[in-house]
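What follows is one structure encoded as structure tokens, with my remarks underneath.
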Amino acid sequence: MAATQCNNRKLLQWGLVLMLLSVLSVSVGIFKGASWAIGVSAAMSVLLFMLLFVIVFTKTADSAGTGSPGVTVAQKEFHCVWAACKFRELQACVARPIFSIVCVTSDQSNRCLVVCRQLDTVDRQPPAKISCQRACACCLDDYHLNTDVALLPCGHAYHQECIARWCFSSVKQVSCPTCRKPFEHTASTMTSL
287 MAATQCNNRK
297 LLQWGLVLML
307 LSVLSVSVGI
317 FKGASWAIGV
327 SAAMSVLLFM
337 LLFVIVFTKT
347 ADSAGTGSPG
357 VTVAQKEFHC
367 VWAACKFREL
377 QACVARPIFS
387 IVCVTSDQSN
397 RCLVVCRQLD
407 TVDRQPPAKI
417 SCQRACACCL
427 DDYHLNTDVA
437 LLPCGHAYHQ
447 ECIARWCFSS
457 VKQVSCPTCR
467 KPFEHTASTM
477 TSL
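The structure is reproduced here in structure tokens:
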């Protein structure tokens, strides 16, 4: 309800701005000594633009509503497989990474906020080769020794927060940003992991 009122208020504001532009274009045409035809055609073009804007804006507002039957709701939760560790552990290659099923959820009020929680451990061998890049391929920020990273089953590592956000930006499946190997916990991906 509040979002609809906000959309209506924006629509009204833009309508008033476009109406003001229409009146301004007619008055400029009159004061410059132009014929009525030029002033009226300028006003009509602004009014047609306003009509087009209203149609597009209302369709966009309608499709953003929750009651639209043709709109699919984006997934708000993913179950992924990765090993959470510190970056220094990857560089030292001392500990064997423990892979877990991680539930990644998105806050509905703030899409930038993601929450990760470990559900269960997964018995699997570490990747043959662990890519120890100095920077996260998602945000391009350098890793520090105490940085929390997520080691994917393919061997690529990212900031945990970056890879969690990546889950929601992927269109078809949750896959590694570098090699595109899926890391979502499903029956088909678990057999290939």
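Heads up: the sequence shown begins at 287 in my numbering, then just goes up one per residue.
Every residue gets a Cβ at the ideal spot worked out from N, C-alpha and C, and that includes glycine.
Quantities reported herein were computed from a predicted structural model and do not represent experimental measurements.
Contact set for residue i: own chain, Cβ-Cβ below 8 Å, skip 5 residues either direction
i    : result
L307 : V332
R420 : D428, Y429
L338 : none
Residue nearest to residue i in terms of C-alpha spacing, selected from the options
i    : options                : result
R451 : F364, D428, K467, V408 : F364
R382 : Q446, L334, L399, L437 : L437
I449 : D409, L431, L399       : L399
S461 : K296, L338, V435, V367 : V367
P439 : H445, P413, Q446       : P413
V401 : Q446, K415, C371       : Q446
L431 : K467, R466, C371, K415 : C371
Under 8 Å between C-beta atoms of residue i and residue j
i    : j    : result
L376 : A443 : yes
S392 : F469 : no
F373 : T433 : yes
Distance between residue j and residue i (C-alpha atoms, nearest Å)
i    : j    : result
M336 : V303 : 9 Å
S417 : G441 : 6 Å
L405 : S386 : 7 Å
C389 : S327 : 59 Å
R410 : L426 : 29 Å
W300 : L334 : 14 Å
K415 : R466 : 16 Å
S313 : M305 : 12 Å
V435 : I341 : 47 Å
Beta-carbon proximity list for residue i, same chain, < 6 Å, skipping 5 on both sides
i    : result
G356 : Any reading at G356 needs caution, since the residue's pLDDT is 39, under 50, leaving its predicted position unreliable; the model's value is listed next. If we look at G356 and ignore the five residues flanking it on each side, it has no Cβ neighbours.
L298 : none
G353 : Because the pLDDT at G353 is just 44, under 50, the model does not fix this residue reliably, and the point stays unresolved.
Neighbourhood of residue i by C-beta, 7 Å cutoff - its chain only, sequence neighbours within 5 removed
i    : result
I384 : A369, T407
K296 : none
Q286 : What is shown of the chain runs 287 to 479, which leaves residue 286 out entirely.
Exercise. Of all the alpha helix (DSSP H) runs that stay within the bounds of the segment 428-475, which reach a length of 4 or more residues?
Worked result: 446-455
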